[in-house]
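Structure first, commentary second.
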Amino acid sequence: MEMKKQLLDLNVVSNTRLNASHHLIELSSEFPLPAMIPGQFAEVKVENQPDTYLRRPFSIHRFDHAANSMHLLIKTVGEGTKALSALKKGEILNVMLPLGKGFTLVSNKKTLLVGGGCGIAPLYFLAEQLSKRGNDVTILIGGRSATDILLQKEYQNFGRVAVSTEDGTDGEKGMVTQHSILSKGKLQFDRIYCCGPDGMMRAVAHIAERAGIICEVSLENTMACGIGACLCCVVETNQGNQCVCTEGPVFDSRELKGWTKGIEVSCTVENNSQ
Amino acid sequence: MSTFPDLSVKIHDLNLKNPVLTASGTFGYGHEYDDFIDVNALGGVIVKATTSKHREGNPYPRMAETAMGMLNAVGLQNKGIDHFVRHIYPTLEKYNTNIIANVSDSTVEGYVEVAEKMNKLSHIAAIELNISCPNVKEGGMAFGTSCPSAIAVTQAVREVYDKTLIVKLSPNVTSIVEIALAVEAAGADALSLINTLLGMAINAETRKPVLSTITGGLSGPAIKPIALRMVWQVANAVKIPVIGIGGISGANDAIEFMLAGATAIQVGTANFIDPAVTTKIVQGIKEYMLKHRLDNLSQITGQLITS
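Put into structure tokens, the structure is as follows:
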């Protein structure tokens, strides 16, 4: 589905601090927001930051068509995200959206969503849409510590929520890939969706492949244009180098070269998003 | 009857409705920007570089953001001239503006093959010979950094290409004027400059280079003063038209390049920040002309006041 991309000045409705490094920003417009699907992203312009020249890509965290509202979940990493986390109600944010191809929205299936760190960002919109389509939804969230596990209550609106933390302060202790859902018994899912650090996604994709389950992963390669013009964000696929911004960010893990063969099933949950 | 003010310019046989072109490698094949602007409102589009054979380009990571700019190491990823002719060229025929092909390769024979095939495509108005790409191991910039090789490739392509031949120059040289004069003598109809400056980025935490190729090409507003100086030097030395490139992000930048001697300009990296920037630059040039009561762009090009 080709959706017309738009360049919009959106109003900041609210900016909520979730923890030391994450903010939830609600945006709206006097004009109708374009239709968006889970997994798509927006390229956001950071104003008045001389060292932040390029736009910043963020997945669409929530989109409410009826309320004409959308949310971005932003992790403070560098100067650009620091400026965004300081946005105040009433300020204007210039965004380019909707970009890229989203997740496959199945119906009446058993689905597992795995998010690591800030990788839970696109999974809210996805969980909501999957739940609407009659799917059985399980959401597995991983982090270093309890404070890294964001929006647990909100995710419970759409299905079962399971948690793993490396220090054991919330949910099961260990890596997300060591959680009993992924490591014990036969995996009873029709499809797995995953977003998080590269190592985590590779490990989940490996587990999925061994169980014969399709796994869709959302990549966050560094990018410039966001529209397939600069060819900077490529990933090696079975069809050669492809732009993450236009052919992704969501890929069937089997399409990604070297992803599911011979990967060690251990990794740390850390987020490298810019 | 011409509309007032007249933004049209001529680059050899090429008639541009306005001096705003898009820089190769920053505008894909045009259609990427169809959602944001009417591409036909531009003077022309210089599409992504085409080589004789399919090239996968360099491994990821290919990009590093820098202060007011970025480094890239894409490495001429494209599917080759035969794929271009069969699958991409038909998508370009819908445009009612000048479509210019950027031609690169690793050998003189490769450049000649691509140029010969481009010569047969009626909707390709001109070619821009890329002898300045810093991101390939062989060819590219190697041709543009010494006079004998720049002459050799320009002459060879000139023999097989009948329409307007633009040669894109590298700033990674001791004297860009020497290369410009050599290329002019070898048969170029116009020069475009500058391509990216060879640069580098390091991650202090990991002690590793950011780019997979270690070095890459720097672009964006950070390079504008260098580009402006080189355009001014070259425009003062050659008789053929010069197309200015380097960090142009607004109409004011474009006018500065024209004052320095550019007949037309290319917008590159700025397209990534604002995909509608090119049409805004066209409008801004028009407003500048109205404000200064100028009829045509010859009243700007090369009109720098130095005394």
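Protein chains in written order, with our numbering: chain A, -6 to 267; chain B, 701 to 1007.
Don't be surprised by glycine CBs; every beta carbon is placed ideally from N, CA and C.
So, does the CB of glutamate 229 (chain A) fall closer than 9 Å to a CB anywhere in chain B? Stepping through the first sequence from its first residue, residue 229 (chain A) is reached at position 236. Taking Cβ atoms only, chain B reaches closer than 9 Å to glutamate 229 (chain A), which makes this a yes.
In the DSSP assignment, what are the bridge partners of glutamine 983 (chain B)? Here residue 983 (chain B) refers to the residue found at position 283 when the second sequence is read from its first residue. Paired residues: none, contrary to the question.
Short check: CB of glycine 152 (chain A) to CB of alanine 120 (chain A), under 9 Å? Taking the first sequence and counting its residues from 1, the one referred to as residue 152 (chain A) is at position 159. Taking the first sequence and counting its residues from 1, the one referred to as residue 120 (chain A) is at position 127. Result yes, Cβ atoms of glycine 152 (chain A) and alanine 120 (chain A) sit closer than 9 Å.
Step through the CB atoms of chain A and report whether any lies within less than 9 Å of the CB of asparagine 830 (chain B). Residue mapping note: residue 830 (chain B) aligns to position 130 of the second sequence, counting from 1. Contact with chain A is absent for asparagine 830 (chain B), since none of that chain's Cβ atoms lies less than 9 Å from the residue's Cβ.
Just the Cα atoms here: how many angstroms apart are lysine 94 (chain A) and arginine 126 (chain A)? The residue labelled residue 94 (chain A) in the question sits at position 101 within the first sequence. The residue labelled residue 126 (chain A) in the question sits at position 133 within the first sequence. So the two alpha carbons sit approximately 19 Å from each other.
Going by the beta-carbon positions, is the gap between proline 91 (chain A) and glutamine 42 (chain A) smaller than 9 Å? Stepping through the first sequence from its first residue, residue 91 (chain A) is reached at position 98. Stepping through the first sequence from its first residue, residue 42 (chain A) is reached at position 49. Between proline 91 (chain A) and glutamine 42 (chain A), the C-beta gap is not smaller than 9 Å, which leaves the two residues out of contact.
Does the distance from the CB of serine 246 (chain A) to the CB of alanine 204 (chain A) come in under 9 Å? Your numbering for residue 246 (chain A) matches position 253 in the first sequence. Your numbering for residue 204 (chain A) matches position 211 in the first sequence. No, they are not a contact pair.
For threonine 215 (chain A), return the contacting residues in chain B, with the cut-off set at a CB-CB distance below 7 Å. Numbered from its first residue, the first sequence carries residue 215 (chain A) at position 222. Within 7 Å Cβ-Cβ: Pro761 and Met763.
Could you compute how far the alpha carbon of isoleucine 902 (chain B) sits from the alpha carbon of glycine 917 (chain B)? Numbered from its first residue, the second sequence carries residue 902 (chain B) at position 202. Numbered from its first residue, the second sequence carries residue 917 (chain B) at position 217. In a straight line, the C-alpha of isoleucine 902 (chain B) is about 14 Å away from that of glycine 917 (chain B).
Could you tell me whether any Cβ in chain C is nearer than 9 Å to the Cβ of threonine 74 (chain A)? Looking at the structure shown, chain C is missing, and the protein chains on hand are A and B.
For serine 806 (chain B), collect the residues of the same chain with a Cβ closer than 7 Å to its Cβ; drop the 5 residues on either side in sequence, then sort them by chain order. The residue given as residue 806 (chain B) occupies position 106 in the second sequence. Excluding its 5 nearest sequence neighbours in each direction, serine 806 (chain B) has C-beta neighbours in its own chain below 7 Å: Val836, Glu838 and Gly839, listed in chain order.
Please identify the residue among A:Val227, A:Lys(-3), A:Leu17 and A:Val243 whose C-alpha is closest to the C-alpha of cysteine 111 (chain A). Taking the first sequence and counting its residues from 1, the one referred to as residue 111 (chain A) is at position 118. Here the closest residue by C-alpha is A:Leu17.
Work out the CA separation of cysteine 833 (chain B) and glycine 757 (chain B) for me, nearest whole Å. For this step, residue 757 (chain B) is matched to residue 57 along the second sequence. For this step, residue 833 (chain B) is matched to residue 133 along the second sequence. Spanning the alpha carbons of glycine 757 (chain B) and cysteine 833 (chain B) requires a straight line of approximately 12 Å.
Any 3 or more C-beta pairs closer than 8 Å across the region 775 to 792 of chain B and the region 807 to 824 of chain B: Touching, yes.
Any beta-carbon of chain A closer than 9 Å to the one on isoleucine 689 (chain B)? No answer is possible for residue 689 (chain B): it lies beyond the span of chain B, which begins at 701 and ends at 1007.
Chain-order list of residues whose beta-carbon lies under 8 Å from that of isoleucine 943 (chain B) (same chain, five-residue window excluded): For the purposes of this step, residue 943 (chain B) is taken as the residue at position 243 of the second sequence. Ile711, Leu721, Ile866, Ala890, Leu891, Ser892, Leu893, Ala962, Thr963, Ala964, Ile965 and Gln966.
When DSSP labels each residue in this structure, what does isoleucine 894 (chain B) get in the three-state scheme? In the second sequence, the residue the question calls residue 894 (chain B) occupies position 194. Coil at isoleucine 894 (chain B), not helix or strand.
Whether leucine 3 (chain A) touches valine 88 (chain A) by CB criterion (9 Å): If you number the first sequence from 1, residue 3 (chain A) lands on position 10. If you number the first sequence from 1, residue 88 (chain A) lands on position 95. Taking 9 Å as the Cβ cut-off, leucine 3 (chain A) and valine 88 (chain A) qualify as a contacting pair.
Any beta-carbon of chain B closer than 9 Å to the one on threonine 261 (chain A)? Residue 261 (chain A) sits at position 268 when you count from the first residue of the first sequence. Caution applies to threonine 261 (chain A), whose pLDDT of 39 falls short of 50 and renders its modelled position unreliable; the value that the coordinates give is listed next. No, its Cβ sits nowhere closer than 9 Å to a Cβ of chain B.
Shorter than 9 Å from the beta carbon of arginine 203 (chain A) to some beta carbon of chain B? Numbered from its first residue, the first sequence carries residue 203 (chain A) at position 210. Judged by the 9 Å Cβ criterion, arginine 203 (chain A) is not in contact with chain B.
Helix, strand or coil for leucine 77 (chain A), going by three-state DSSP, please let me know. As a working note, residue 77 (chain A) is residue 84 in the first sequence. Looking at leucine 77 (chain A) - three-state DSSP - the assignment turns out to be helix.
Same chain, Cβ closer than 7 Å to methionine 770 (chain B), five either side skipped, listed in chain order: Counting from 1 along the second sequence, the entry for residue 770 (chain B) is found at position 70. Around methionine 770 (chain B): Met763, Ala764, Ser919, Gly920 and Thr969.
Would you grab the beta carbon distance between methionine 216 (chain A) and valine 237 (chain A) for me? Rounded to a whole angstrom, and I think it's under 8 Å. The residue given as residue 216 (chain A) occupies position 223 in the first sequence. The residue given as residue 237 (chain A) occupies position 244 in the first sequence. Between methionine 216 (chain A) and valine 237 (chain A) a beta carbon distance of about 7 Å is seen, short of the 8 Å cut, so the two are scored as contacting.
Taking only beta-carbon atoms, is tyrosine 861 (chain B) less than 9 Å away from chain A? Reading the second sequence from its first residue, position 161 is the one you call residue 861 (chain B). With 9 Å as the cut-off, tyrosine 861 (chain B) does not count as an interface residue toward chain A.
If you count every other CB in all the chains shown that lies within 10 Å of the CB of phenylalanine 24 (chain A), and 16 or more means buried, which is it? On the first sequence, residue 24 (chain A) is found 31 positions in, with the first residue counted as 1. Exposed is the call here.
Could you tell me the distance, in whole angstroms, from the CA atom of alanine 852 (chain B) to the CA atom of valine 808 (chain B)? Numbered from 1 along the second sequence, position 152 holds the residue referred to as residue 852 (chain B). Numbered from 1 along the second sequence, position 108 holds the residue referred to as residue 808 (chain B). Counting only the Cα atoms, valine 808 (chain B) lies some 8 Å from alanine 852 (chain B).
Would lysine 794 (chain B) and isoleucine 831 (chain B) qualify as a contact pair, given that the criterion is a beta-carbon distance under 9 Å? Here residue 794 (chain B) corresponds to residue number 94 of the second sequence, with the count starting at 1. Here residue 831 (chain B) corresponds to residue number 131 of the second sequence, with the count starting at 1. Contact annotation: lysine 794 (chain B) and isoleucine 831 (chain B) have beta-carbon atoms that are not nearer than 9 Å.
Helix, strand or coil: which one does DSSP assign to glycine 844 (chain B)? For this step, residue 844 (chain B) is matched to residue 144 along the second sequence. In the structure shown, glycine 844 (chain B) sits in a helix (DSSP, three-state: H, G or I).
Which residue comes first and which comes last in the beta strand (DSSP E) that contains isoleucine 965 (chain B)? Along the second sequence, one-based indexing puts residue 965 (chain B) at 265. Boundaries of the beta strand (DSSP E) around isoleucine 965 (chain B): 964 to 967.
Of the residues B:Met841, B:Tyr811 and B:Gly730, which one's Cα is nearest the Cα of isoleucine 800 (chain B)? Locating residue 800 (chain B) in the second sequence gives position 100, counting from the first residue. Taking only the C-alpha atoms, the option nearest isoleucine 800 (chain B) is B:Gly730.
List the residues of chain A whose Cβ lies closer than 9 Å to the Cβ of valine 774 (chain B), in chain order. As a working mapping, residue 774 (chain B) is identified with position 74 in the second sequence. From the beta-carbon of valine 774 (chain B), the residues of chain A found nearer than 9 Å are Cys223, Leu224, Cys225 and Val227.
State the beta-bridge partners of asparagine 798 (chain B) as determined by DSSP. In the second sequence, the residue the question calls residue 798 (chain B) occupies position 98. Under the DSSP definition of a beta bridge, asparagine 798 (chain B) partners with B:Gly744.
With a Cβ-Cβ cutoff of 9 Å, do glutamine 149 (chain A) and isoleucine 30 (chain A) count as a contact? Here residue 149 (chain A) refers to the residue found at position 156 when the first sequence is read from its first residue. Here residue 30 (chain A) refers to the residue found at position 37 when the first sequence is read from its first residue. Their beta carbons are not under 9 Å apart, which means glutamine 149 (chain A) does not touch isoleucine 30 (chain A) by this criterion.
Write down the C-beta distance between asparagine 772 (chain B) and cysteine 226 (chain A) rounded to the nearest angstrom, noting that I regard them as a contact closer than 8 Å. Position 72 of the second sequence, counted from the first residue, corresponds to residue 772 (chain B). Position 233 of the first sequence, counted from the first residue, corresponds to residue 226 (chain A). About 11 Å; that fails the 8 Å criterion.
Does chain A have any CB closer than 9 Å to the CB of threonine 726 (chain B)? Here residue 726 (chain B) is taken as the residue at index 26 of the second sequence, counted from 1. Yes, threonine 726 (chain B) counts as interfacial toward chain A.
Measuring only the C-alpha atoms, how far is arginine 10 (chain A) from proline 27 (chain A)? Locating residue 10 (chain A) in the first sequence gives position 17, counting from the first residue. Locating residue 27 (chain A) in the first sequence gives position 34, counting from the first residue. Distance between the alpha carbons of arginine 10 (chain A) and proline 27 (chain A): 26 Å.
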